[in-house]
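Written out below as structure tokens is the structure these notes cover.
Number of protein chains: 2
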Amino acid sequence: MTDDREQGSTLQPKYDANGLVTAVATDAASGEVLMLAHMNAEALAKTIATGEAWFFSRSRGRLWKKGESSGHVLSVVEMRIDCDQDAIWLRVNVSGDNATCHTGRRSCFYRRIVAAGGTVGLRTEG
Amino acid sequence: MTDDREQGSTLQPKYDANGLVTAVATDAASGEVLMLAHMNAEALAKTIATGEAWFFSRSRGRLWKKGESSGHVLSVVEMRIDCDQDAIWLRVNVSGDNATCHTGRRSCFYRRIVAAGGTVGLRTEG
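Chain order of the listed sequences is A and B.
Be aware that the first sequence starts at 3, since it is given in our numbering, and climbs by one per residue.
Be aware that the second sequence starts at 3, since it is given in our numbering, and climbs by one per residue.
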């Protein structure tokens, strides 16, 4: 990890063994975490160039534009990168009916982890 | 990916080949993304049990409690898990002087990706 990578003004993503960095998208207005996905170099370049979020699907092994089938395109308001340049934060506005999750919910993170009486479970929120 | 994993109330994280899920921490008050890290099953269990964030360091190959050396402990206000249960969202309050990044900054995402005149670079914010 170079000092330039941590402190400098040059974009030099630290891709993992699969050529990916992690990307987290939050709602630009509410701050809610909407989804987490991955980008390869091409997805990152296309996101920067177009202002709309592109990712790399690990399960399908291909580049995809978020919303290409659902219409839930993510318009990027701001992109940030973290200290060691292996994670991207996208602040976005969601097109269409404002759902981001493929289940139709606004956010993929619709279940809260709850612990009560020694057992841990999930509770659907909102 | 089972329907129960996506829709049910049972915590059944989908760990990757290295036994990890991704965890993103946001400031419970401002919504700012503070850091992104990874958890193995033990880190997740300790976080749930203690209400403070534990992670697994890929570079050091060991469990670590955030703030164990810096004092910047993350107190968990809420934990959520995403649709396919391979990512965790922690809403936290930060102890100490409220820095989360090892560089002393509040958030690890202190640089904005900016594109101007055909070149892409990073600009330190705030």
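For each residue, glycine too, the CB sits at the ideal point set by N, CA and C.
No experiment lies behind these values; they were computed from the predicted model shown.
Residues bridged to residue i [DSSP beta-bridge criterion]
i              : result
residue 95(A)  : 77(A)
residue 40(B)  : 24(B)
residue 90(A)  : 25(A), 83(A)
residue 67(B)  : 56(B)
residue 2(A)   : There is no way to answer for residue 2(A), as the model of chain A reaches only from 3 to 128.
residue 113(B) : 83(A), 126(B)
Cα-Cα separation, residue i to residue j
i              : j              : result
residue 3(A)   : residue 86(A)  : Confidence at residue 3(A) is low in this model, with a pLDDT of 47, below 50, so its placement is unreliable and no value can be given for it.
residue 34(B)  : residue 28(B)  : 5 angstroms
residue 13(A)  : residue 48(A)  : 15 angstroms
residue 74(A)  : residue 50(B)  : 33 angstroms
residue 26(B)  : residue 120(B) : 31 angstroms
residue 123(A) : residue 79(B)  : 16 angstroms
residue 149(B) : residue 68(B)  : With chain B covering only 3 through 128, there is no way to say anything about residue 149(B).
residue 65(B)  : residue 20(B)  : 13 angstroms
residue 89(A)  : residue 18(A)  : 11 angstroms
residue 125(B) : residue 104(A) : 34 angstroms
residue 92(B)  : residue 31(A)  : 19 angstroms
residue 11(B)  : residue 127(A) : 11 angstroms
residue 43(B)  : residue 101(B) : 26 angstroms
residue 9(A)   : residue 57(B)  : 24 angstroms
residue 7(B)   : residue 15(B)  : 8 angstroms
residue 53(B)  : residue 118(A) : 13 angstroms
residue 46(B)  : residue 39(B)  : 12 angstroms
residue 59(B)  : residue 61(A)  : 24 angstroms
residue 99(A)  : residue 99(B)  : 40 angstroms
residue 63(A)  : residue 63(B)  : 28 angstroms
Cβ pair residue i, residue j closer than 8 angstroms
i              : j             : result
residue 23(A)  : residue 41(A) : yes
residue 55(A)  : residue 94(A) : yes
residue 97(B)  : residue 77(B) : yes
residue 108(A) : residue 82(B) : no
residue 111(B) : residue 5(A)  : no
Beta carbon proximity, residue i to chain E, threshold 8 angstroms
i             : result
residue 77(A) : No chain E is part of this structure, whose protein chains are labelled A and B.
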